[in-house]
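Every letter in the sequence shown is one number past the one before it in my numbering, and letter 34, counting from 1, is 29.
Beta carbons are placed, not taken as given, at the ideal position from N, Cα and C, and that holds for glycine.
Below is one structure, written out as structure tokens, with a few remarks after it.
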Amino acid sequence: DVEVHLAYYKVLRAPTPEARKKAEAALAKLLKARAVVDARFEKIAYYLAQGDKTKAEEMLEGPVSELKNAKCHKETLMTAVKTCGPLSDYALRYSRLFANVCNMGMEEQDVETAVAKVCGSVVV
-4 DVEVHLAYYK
6 VLRAPTPEAR
16 KKAEAALAKL
26 LKARAVVDAR
36 FEKIAYYLAQ
46 GDKTKAEEML
56 EGPVSELKNA
66 KCHKETLMTA
76 VKTCGPLSDY
86 ALRYSRLFAN
96 VCNMGMEEQD
106 VETAVAKVCG
116 SVVV
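This is the structure in structure tokens:
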């Protein structure tokens, strides 16, 4: 991914030890932020899969050949944004989770409940 690659490139090309340490800190901060996002959406998927790790992984990483219920997808994404806060460029990859959940026919209320368990109360 470009953002990580650029941050790593800055580490490799740092002209001084001080610049390298600064670039390493920036890379570490970027990776830590992504780990927080990953954990948040993994927990949402885990709740939706009722503790089934394999099913949760399929929701997170499974292919989306078509979007069968665009309204559900939009509503569940809006629920995530309202409850967890704005999605970063990186977090947008988890749109797939909501597409898969909607394609599986899960209820929007179940998604709201899972998101609320992970992110807490409404942010907006």
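Distance check between residue 111 and each of 71, 58, 1, -4 places 71 closest, using alpha-carbon atoms only.
The beta-carbon distance between residue 37 and residue 26, rounded to whole angstroms, is 16 Å. This is too long to meet the 8 Å contact definition. Residue 4 counts as exposed, since fewer than 16 other beta carbons sit within 10 angstroms of its beta carbon.
Cβ-Cβ separation between residue 82 and residue 39: approximately 13 Å, too far for a contact (criterion under 8 Å). Setting aside the 5 residues that flank it on each side, residue 90 is surrounded in the same chain by 72, each with a C-beta closer than 7 Å to its C-beta; the list follows chain order. Linking residue 77 to residue 88 through their CA atoms gives a straight-line distance of about 17 Å. Residue 45: not part of any alpha helix (DSSP H); DSSP gives it neither H nor E.
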